[in-house]
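Student: Residue numbers (this note's numbering): 146 to 598. Here a beta-carbon is modelled for each residue, glycine too, at the ideal position from N, C-alpha and C. What follows is a structure written as structure tokens; I'll ask about it next.
Written as structure tokens, this is what we have:
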């Protein structure tokens, strides 16, 4: 019966033990060769504005929110960040466990036994009670670190969403610029061909023909530069989405610029410390360090270890008792660790204040830039409309040969420059909105643009 109980106890102990699980490295690529057909439960997404959008890419391509959702789900860096968060959770679980007791066993054998001698032994369980003093504080620190890891992961997800939106804006605005350059290149190509024929017939000078040729070459240079930028942006987007480098991701839709609601933005700014995941993560990091500082202070007191003993010597004399050990805090008193933890807490305190001040400063700067760019956009839009009207009138006059082609080319060059400025300014404002949204910690408050029924 006793043997059966020992076997059962051993089986229970083995069942409670963890076992090794192999995980061989995989050298195959982790990128996807095509846009996946995913069924995503949007309610599980941690970003406030994404759950309301169903991930359903159309035949025309992915819109800006589709790109953001796919980035959160499939970004390789986020997979690594989620593993880091899992490590923090495991560390919190480890800190919640109490230390195991110790059991000391010893045996003595008499090399010259007689009738009155016996085999000696000693057995003594003991426990370090000093570790219990710091257990609650270290567990609280680990729990705070676990929450910090989750919030840091959320902040990284927000940054990936911002990067996806920025790349979407860069590519869609690049498509607009490419269409603009194609239109004006067709004009200059036709003009250049006609100039070459006129030069052959000696109707114009070589200088006039050279000017048209230079304008055409300048447009070709802009197109080549734009093609390189687009190639870089598309590869960056594919890497962000975890897709194969050569996959062409079709994009659909466009960004918009509704007027911002300044009053609601100021209200969001007043509560930014409770909105931004990185700021909340820093708060939890500070709480964790404060608990470690408390644990270091508690650890300066004597460490206590208590145990029971039962012994029998080789002369068959048995005894039982206890042992008690504690450190004498004379020289060290854990002062070094206390100083380290206190200095670390001060650093985290200053880091939090600096991050909070930087967030407020960046938001104020971008809001001011939005006002400046908004006023400039009004001027640019007016300039484009004026130049388009002038170009239309000059083209009508050119067909009746009332004006020369030099004036027509001058007007077209001015129009192209102003349209280029319009696209670049719109892209800058879109990108500022994305950054502002990330800095505020959520969707941007905008003014209502609909019509009341």
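So, is residue 598 buried or exposed, given that buried needs 16 or more other C-beta atoms within 10 angstroms?
Tutor: Note that residue 598 has pLDDT 38, beneath the 50 cutoff, so the model's placement of it is unreliable and no number is given.
Student: What first and last residue would you give for the beta strand (DSSP E) that runs through residue 451?
Tutor: Taken as a continuous stretch (DSSP letters only), the beta strand (DSSP E) holding residue 451 covers 449-457.
Student: Using a Cβ-Cβ cutoff of less than 7 Å, which residues in the same chain neighbour residue 341 once the five nearest sequence positions on both sides are dropped?
Tutor: 354, listed in sequence order.
Student: Grab the span of the beta strand (DSSP E) containing residue 319 for me, first residue to last.
Tutor: That residue, residue 319, is in no beta strand (DSSP E); its alpha helix (DSSP H) goes 275-345.
Student: Between the segment 522-533 and the segment 550-563, do at least 3 Cβ pairs fall closer than 8 Å?
Tutor: Contact holds: three or more Cβ-Cβ distances are below 8 Å.
Student: Inspect the CB distances between the segment 315-326 and the segment 365-372 and report whether three or more fall short of 8 Å.
Tutor: Counting Cβ pairs under 8 Å, three or more are found: they touch.
Student: Does residue 541 come out as helix, strand or coil in the three-state DSSP assignment?
Tutor: Helix, per DSSP.
Student: At the level of alpha carbons, what is the spacing between residue 517 and residue 233?
Tutor: Going by the C-alpha atoms only, they are around 44 Å apart.
Student: Per DSSP, residue 269 forms a beta bridge with which residues?
Tutor: Looking at the DSSP assignment, residue 269 forms a beta bridge with 249.
Student: Using beta-carbon positions only, say whether residue 277 and residue 443 come within less than 8 Å of one another.
Tutor: No, the pair does not count as a contact, with Cβ atoms beyond the cut-off.
Student: Cα separation between residue 215 and residue 441?
Tutor: Their Cα atoms are separated by approximately 45 Å.
Student: So, at 6 Å on beta carbons, what are the nonlocal neighbours of residue 585 in its own chain, with the 5 sequence-adjacent residues on each side left out?
Tutor: Result list for residue 585: 413, in chain order.
Student: Whose C-beta lies closer than 7 Å to the C-beta of residue 483 among residues of the same chain, with five residues either side of it excluded?
Tutor: Excluding residues within five positions, the ones whose Cβ falls inside 7 Å are 441, 442, 445.
Student: Which class does residue 597 belong to by DSSP, given the choice of helix, strand or coil?
Tutor: For residue 597, the predicted model reports a pLDDT of 43, less than 50, meaning its position is unreliable; a value from the coordinates is still stated below. In the structure shown, residue 597 sits in coil (DSSP, three-state: anything other than H, G, I, E or B).
Student: In this structure, how does DSSP classify residue 413 when only helix, strand and coil are distinguished?
Tutor: In the structure shown, residue 413 sits in a helix (DSSP, three-state: H, G or I).
Student: Can you find a heavy atom of the ligand HEM that lies under 7 Å from the Cβ of residue 562?
Tutor: Only the bare structure without any ligand can be found here, which leaves the ligand HEM out of the picture.
Student: State the DSSP-derived secondary structure class of residue 482, mapped to helix, strand or coil.
Tutor: Correct three-state label for residue 482: helix.
Student: If you draw a straight line from the alpha carbon of residue 248 to that of residue 462, how long is it in whole angstroms?
Tutor: Each residue's Cα considered, the two are about 22 Å apart.
Student: Under a three-way DSSP split, which group does residue 467 fall into?
Tutor: Residue state, collapsed to three classes: strand.
Student: Are the segment 269-276 and the segment 291-311 in contact at 8 Å, needing three or more beta carbon pairs?
Tutor: With the cut-off at 8 Å, the segment 269-276 and the segment 291-311 do not touch.
Student: At a cut of 8 Å, does the segment 533-542 reach the segment 453-467 through at least three beta carbon pairs?
Tutor: Because the criterion of three Cβ pairs below 8 Å is not met, the segment 533-542 and the segment 453-467 do not touch.
Student: What number of angstroms, rounded off, separates the C-alpha of residue 168 from the C-alpha of residue 288?
Tutor: Roughly 28 Å between the two C-alpha positions.
Student: Would you be able to state if there are at least three C-beta pairs under 8 Å between the segment 567-584 and the segment 305-319?
Tutor: They touch, by the three-pair rule.
Student: When burial is assigned at 16 or more other CB atoms within 10 Å of the CB, is residue 380 buried or exposed?
Tutor: Flag for residue 380 reads exposed.
Student: Classify residue 329: buried if its beta carbon has 16 or more other beta carbons within 10 angstroms, exposed otherwise.
Tutor: Flag for residue 329 reads buried.
Student: Does DSSP classify residue 560 as helix, strand or coil?
Tutor: Helix, per DSSP.
Student: Quick check on the DSSP output: the alpha helix (DSSP H) that includes residue 350 runs from which residue to which?
Tutor: Element bounds for residue 350: n/a, residue is neither H nor E.
Student: Could you tell me the distance, in whole angstroms, from the CA atom of residue 490 to the CA atom of residue 498?
Tutor: Near 13 Å, if we compare the C-alpha coordinates of residue 498 and residue 490.
Student: Between which two residues does the alpha helix (DSSP H) holding residue 231 run?
Tutor: Start and end: 221-241.
Student: Per DSSP, which residues does residue 371 bridge with? Please list them.
Tutor: DSSP lists no partner for residue 371.
Student: Where DSSP assigns a beta bridge to residue 396, which residues make up the other side?
Tutor: Its beta-bridge partners are 207.
Student: Please report the distance separating the alpha-carbon of residue 357 from that of residue 327.
Tutor: Roughly 16 Å separates the two Cα atoms.
Student: Does DSSP put residue 168 in a helix, in a strand, or in coil?
Tutor: Coil at residue 168, not helix or strand.
Student: Does the beta-carbon of residue 364 have 16 or more other beta-carbons within 10 angstroms, so that it is buried, or is it exposed?
Tutor: So residue 364 counts as buried.
Student: Near residue 472, which residues of its chain fall below 7 Å by C-beta distance, leaving aside the five closest residues on each side in sequence?
Tutor: So the qualifying residues of the chain are 447, 448.
Student: Among the residues of its own chain, which have a CB less than 7 Å from the CB of residue 479, if the five just before and after it don't count?
Tutor: Answer for residue 479: 441, 444, 445, listed in chain order.
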